[in-house]
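Under our numbering, residues 6 to 155 are what the sequence shown spells out, in order.
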Amino acid sequence: MINIKEVYSKIYMAIILGIDPGSRVTGYGVIRQQGRQLLYLGSGCIRTQVDDLPSRLQRIYAGVSEIITQYQPDVLSIEQVFMAKNADSALKLGQARGVAIVAAANMNIPVFEYAARQVKQTVVGTGAAEKSQVQHMVKSILKIVSEPTV
């Protein structure tokens, strides 16, 4: 006899890598979607200790590539570009996003981009949520008890 729940959970299963890009600290989180269930697999930060931008971008690329190799995600999710008050910061953020996207593209992983407000609205219920509110809800949804390392 066919177990519909078992078939459904196998069909609708994906490992999702989420990236929060930054030129000095790039955050990541990995979850497995299995049917309607979300399971926490891991998270962390890629830190760049050097001052020159090309070296920081290379470190981000290498770090994202390493995470992809470790977790074998089916998709990558990343924040869309937004206009910051500081044009230099926005440009560096865009470059950090770019190397993360290229790391995924080089391994044939589809990339999905979302506006920060859209993510906040989905997770917290308001697009104007603070980062701490998003963090609290993610921990609650994924049943994470430890504090993330920043």
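All residues carry an ideal CB built from backbone N, CA and C; glycine is no exception. Just so you know, these numbers come straight off a predicted model, no measurement behind them.
The same chain holds no residue with a CB closer than 7 angstroms to that of glutamine 42 once the five nearest residues on each side in sequence are set aside. Annotation for valine 35: Leu22, Leu46, Gly47 and Tyr76 place their beta carbon closer than 6 angstroms to its own, counting only its chain and skipping 5 residues before and after. Here DSSP, grouped into helix, strand and coil, assigns alanine 92 to helix. Under the three-state reduction of DSSP, methionine 142 is assigned to helix.
Rounded to the nearest angstrom, the gap between the Cα atoms of glutamate 118 and glycine 132 is 16 angstroms. A distance below 6 angstroms between beta-carbons, with the five flanking residues on each side excluded, links valine 86 to the following residues of its chain, in chain order: Gly99.
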